Amino acid sequence: MHKISALAQYVGFINRDDLQRLIFEESILEQSGVNYRRSSARHSKQSIAAGALCLGLCAIVPFNVLANEAVIDSENIERIQVTGTRIKQVDIETASPLTVIDAQQIALSGEANIADVLNNTSVNSFGSWRGVTGYASGDSASSSVNMRGLGDGATLILLDGRRMPGATSSSGGIADTSQIPLAIVERIEILRDGASAIYGSDAVAGVINIITKKQYDGVELNISSELPQINGGDTHQFSVSGGYVGDNGNISVSYERYSSQAVYDRDVWRLDDPSYMDYDTYNGVPNGYYYDYNLEDYVAITNSELCQQQPQGIDASDGNNQGLCLYNYGEVSTLYGDFDRNSVLSHFDYELTEDVTLKGRLSFADLVTEGATAPTPIYPAYIYMPWDHTYNPVGEEVELQLRSTQLGNRDERVETQTIDGLLGLQGYADIASGLDWELNLQHSKSTTKMYGYNLINDAKLQQAILATDENGDALYDIFNVSGMSFDTWQAQMAQMYQQAEHTSVYDSELTSTQVDGLVSTLMFDEGDYTIAAVAGFEHEWIDFYQVNDAESSAGLISGGAGGDNADADRKRLAGFMEFKFGLPADLELSAALRYERYSQSGRVMNTGSDQITNESATFDDVVPKLGALWRATDSLLLRASFGESFRAPNMIEMFSSDSLSFDYAYDPVWCANNDDPYYCSYFAQHATWFGGNPDLQAEKGQTLTLGGVWNVTDDWSLELSYYAIEYDNKIEAIDINDILYFEQINGGSDSVHRDENGQISYVESTVRNIASIETSGFDIVSAYNMTTGVGDFNLTLDIAHVIDYKYRADEASQAVDYAGDTDYPQWRGNFSLAWQYDVFSAGWSTVFIGKQSGQAWRDAGFESIIDTPNYFKHNLQVGYMHPFNGSVTLGVNNVFNADAPNWYDFASYQDVNTDLYDVIGRSLYLKLNQSF
0 MHKISALAQY VGFINRDDLQ RLIFEESILE QSGVNYRRSS ARHSKQSIAA
50 GALCLGLCAI VPFNVLANEA VIDSENIERI QVTGTRIKQV DIETASPLTV
100 IDAQQIALSG EANIADVLNN TSVNSFGSWR GVTGYASGDS ASSSVNMRGL
150 GDGATLILLD GRRMPGATSS SGGIADTSQI PLAIVERIEI LRDGASAIYG
200 SDAVAGVINI ITKKQYDGVE LNISSELPQI NGGDTHQFSV SGGYVGDNGN
250 ISVSYERYSS QAVYDRDVWR LDDPSYMDYD TYNGVPNGYY YDYNLEDYVA
300 ITNSELCQQQ PQGIDASDGN NQGLCLYNYG EVSTLYGDFD RNSVLSHFDY
350 ELTEDVTLKG RLSFADLVTE GATAPTPIYP AYIYMPWDHT YNPVGEEVEL
400 QLRSTQLGNR DERVETQTID GLLGLQGYAD IASGLDWELN LQHSKSTTKM
450 YGYNLINDAK LQQAILATDE NGDALYDIFN VSGMSFDTWQ AQMAQMYQQA
500 EHTSVYDSEL TSTQVDGLVS TLMFDEGDYT IAAVAGFEHE WIDFYQVNDA
550 ESSAGLISGG AGGDNADADR KRLAGFMEFK FGLPADLELS AALRYERYSQ
600 SGRVMNTGSD QITNESATFD DVVPKLGALW RATDSLLLRA SFGESFRAPN
650 MIEMFSSDSL SFDYAYDPVW CANNDDPYYC SYFAQHATWF GGNPDLQAEK
700 GQTLTLGGVW NVTDDWSLEL SYYAIEYDNK IEAIDINDIL YFEQINGGSD
750 SVHRDENGQI SYVESTVRNI ASIETSGFDI VSAYNMTTGV GDFNLTLDIA
800 HVIDYKYRAD EASQAVDYAG DTDYPQWRGN FSLAWQYDVF SAGWSTVFIG
850 KQSGQAWRDA GFESIIDTPN YFKHNLQVGY MHPFNGSVTL GVNNVFNADA
900 PNWYDFASYQ DVNTDLYDVI GRSLYLKLNQ SF
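For the sequence shown, numbering that gives the first Met the number 0 gives the first residue as 0, with consecutive numbering after it.
Following this line, the structure appears as structure tokens:
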């Protein structure tokens, strides 16, 4: 990191033109010193768009600023690597739009981790996954990004220009952004354009390149704490970074510890609202159903007295054991679990010769997440009390609805470890116009272990209910017919559940080894004509497995998930080339071509049997990308790009065995003509089967991007970009609510299976190729710098608008345009105002999410879904740089404690889209920085 610019960042918010000049001058000084590495750029002419540099949240420096500075020594300007092209160049602008979020903007956001910084970006159109308690395969401990709403598998995450190791929960297909330490990030570059031809198949919607700090000369400490207004959610961060810069190279090491406290559902949702009714019929106080032959109907029974004494019990009986005892599960579960991360990152560069440099990177991350869900409901197994049971209160066979509250919550613990090592050579060969080359070896390994405690083995529980003593009397009085005290009965029930207690174990491992290399050169340089080119290869080998304990895999356990076992391997081979043509009239054309081949095989372990099926598949394609960039005037740059994309299914999508889950959903078909307050709840649970599909096809798409950058004045810049994306054969396990919605509007669905009463028996949500997604929109970015006698001001505005988002579930279904509907906002934006005067600084930032209509859902039978209003979240911070080479920052996130909008016209459990909105509310934070 440049020393001057690093110092400027500690101050807070330096004027960006001045910051760019500082960086430029440092580059010139470095190139004249012992650390200067020769590059073929010495022979190149100044790049066409050399004046356009984006610093901060799309703050664009005027063209003429850098152009004028470049006159200093255009023959010795070293080119830089820019996200969006593998060809090194002088400037940051390419034919594709690029957003750069620097360390200042990250600090101004007030967020405590990179996952939340990325979630707030406007290109993250409809929000993205943030780990929530209760999800299997380690998903409750991971976070991701979903650019343009195309899915988190369609956004490629790079770390310093290289693929970030993927999470085991996606068999390496999706990177976990929660693993990245905030303290090591120098900037984030977001390529808002498809780039499969340049980076590979995952770059369908775009690329996020996280650039880390590398050159430390000394030691830097960072300490921060954030305290929300609600109970829980406290975060604490400590990092120490240090390094040494010598005559022939440098080395740096960073360590960060980050922890966040659990947030309980009871502290977030409106459980005390009179309209709140999300209670469950599975309770620690048993509910039972038996057939009354006199009434010729089923009758519900419970123990009313026990229900009134049980914590979280809601007595819905007649007070005389007829009816139900309901359970308020929202009182005991966590929304976000306790999170603890320790991470280390080290870089080094060493000049072996004047033209060859040895480089390396080693990172390690250890994450532990602990959460809790409500005690285990015994479902879907049929658990019963026979008619002749000693303690049967009615003398008829009773179907039981039980919950093991006496054992306590279902606790989960997720342990994830990732290690990633890179060793490479890069150099320069004085051949022809000069060749830049590099050769790299990268190896990574990620493991995830997940433990689920206080689950129940259904068969063992049934055995305990039927068990008798030597006199033939039942051991357990479930309905407390004998009249025990509440505490005595509780102890007996705890003993019964202990006979069936189960701890689930999920284990997964992903190992990846990659060899890659490239060579680049300036092929031609004559007057106004230049041709630059790069060509390279990548070869990667991946081994992956995930396995659940045998009982969970066989579907014998209540309260957990299991069965999604997989054992697979993948080989990826790619070759690519890219050209840039400099032409007269300040026109630049670019072309890229990539061939990629995936060969993968898996051993599918079928649920409930020992049968193993060997499956294999090969996917390959050639994808192109074309671009044009024209500097029409000194202050106006126009650009266009078109590219094709290709994404092969990952190993879990193809080879995981079937697994059973119980997803929340409202049934608009049955409930349109029937009334059942428990079944017709938005949080009624339905058996939902998930699983892989070895017959999947590769996804394919096309992206068109048009736009331009206009420097209105030296201090004001404006960018407008339009995008249109067609995405075919998209791979998805469709959400159960979407399946039921499509069933409603299409008059039926093969994925929904119903019983003789018309209620849902189970839903199939296996992975499949859907027909298509078509979406288009535009981005507006503006930055303004102002220098006054009372300090320097910087204003940035970043707005994204989705024109349409047409989704078709399959070829037989009609396309539905979701843009502007619930959970699909058409408008997202960010505004920031930064001020810096001497050693003082301040900043204000605003996150905006546009309104959404619930009319389409109401038309489909979901009558309680309401319209979503505009949402604004405001953040404020002030900073001071003290004379001892450090700084203090105090800030407030969500200054006005804005509530996230709810889905329904009544209070409900988790009734906010946590992928989109902040539900924590106002929080106060303090950050300390010290350099030595």
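C-beta atoms are modelled at their ideal positions from N, C-alpha and C, and glycine is treated no differently.
Remember, predicted model here, so these are calculated numbers, not experimental data.
By DSSP, does residue i sit in helix, in strand, or in coil?
i: VAL1000; result: Past the edges of the chain, shown from 0 to 931, lies residue 1000, and the structure says nothing about it.
i: PRO379; result: coil
i: ARG921; result: coil
i: GLY50; result: Because GLY50 carries a pLDDT of 30, less than 50, the predicted location of this residue cannot be relied on, and the following value inherits that uncertainty. It is coil, neither helix nor strand.
i: MET933; result: Residue 933 falls outside the range modelled here, since the chain spans only 0 to 931, and no answer is possible.
i: MET653; result: helix
i: CYS306; result: helix
i: SER108; result: helix
i: SER31; result: For SER31, the pLDDT reaches just 33, beneath the cut-off of 50, and the residue's location in the model is therefore unreliable, leaving the point undetermined.
i: SER935; result: There is no way to answer for residue 935, as the model of the chain reaches only from 0 to 931.
i: ILE300; result: strand
i: ALA153; result: helix
i: LEU270; result: coil
i: LEU460; result: helix
i: ARG191; result: coil
i: ASP904; result: coil
i: SER177; result: helix
i: ARG85; result: coil
i: SER425; result: Ser is not the amino acid found at residue 425; the sequence shown has Gln there. Correct three-state label for GLN425: strand.
i: ALA616; result: strand
i: LEU695; result: coil
i: THR280; result: coil
In or out: residue i buried (at least 16 other Cβ within 10 Å) or exposed?
i: PRO180; result: buried
i: ILE173; result: buried
i: VAL918; result: buried
i: TRP386; result: exposed
i: HIS501; result: buried
i: HIS346; result: buried
i: GLN462; result: exposed
i: ILE71; result: Note that ILE71 has pLDDT 38, beneath the 50 cutoff, so the model's placement of it is unreliable and the number below is only indicative. Exposed.
i: LEU925; result: exposed
How about residue i and residue j: are their beta carbons less than 9 Å apart?
i: PHE682; j: SER907; result: yes
i: PHE338; j: SER403; result: no
i: GLU763; j: VAL668; result: no
i: ASP264; j: GLU369; result: no
i: THR787; j: PRO96; result: no
i: PHE645; j: ALA697; result: yes
i: ALA493; j: LEU460; result: no
i: ASP515; j: ASN439; result: yes
i: GLU643; j: LEU695; result: no
i: GLU537; j: SER511; result: no
i: PHE883; j: LEU220; result: no
If I follow the unbroken alpha helix (DSSP H) through residue i, where does it start and stop?
i: ILE735; result: 735-745
i: VAL668; result: 667-670
i: GLU550; result: 549-552
i: THR487; result: 485-497
i: ARG402; result: Looking at the DSSP string, ARG402 is not in any alpha helix (DSSP H), and its letter there is neither H nor E.
i: VAL116; result: 113-118
For the beta strand (DSSP E) that residue i lies in, which residues bound it at each end?
i: ASN456; result: 434-456
i: ASN829; result: 826-836
i: ASN728; result: Element bounds for ASN728: n/a, residue is neither H nor E.
i: GLN236; result: 234-244
i: TRP843; result: 839-848
i: LEU361; result: 355-372
i: ASP809; result: Element bounds for ASP809: n/a, residue is neither H nor E.
Point to revise | At least 3 beta-carbon pairs within less than 8 Å: the stretch 829-846 vs the stretch 857-864 | key: no
Practice item. Would you check if the stretch 891-910 and the stretch 870-883 touch, i.e. whether three or more CB-CB distances between them fall below 8 Å? Key: yes
Exercise for review: Report yes or no: do three or more beta-carbon pairs, one from the stretch 411-422 and one from the stretch 439-449, lie closer than 8 Å?
Suggested key: Yes: at least three Cβ pairs fall under 8 Å.
Review point. Below 8 Å, can you find three or more Cβ-Cβ pairs linking the stretch 588-597 to the stretch 564-579?
Key: yes
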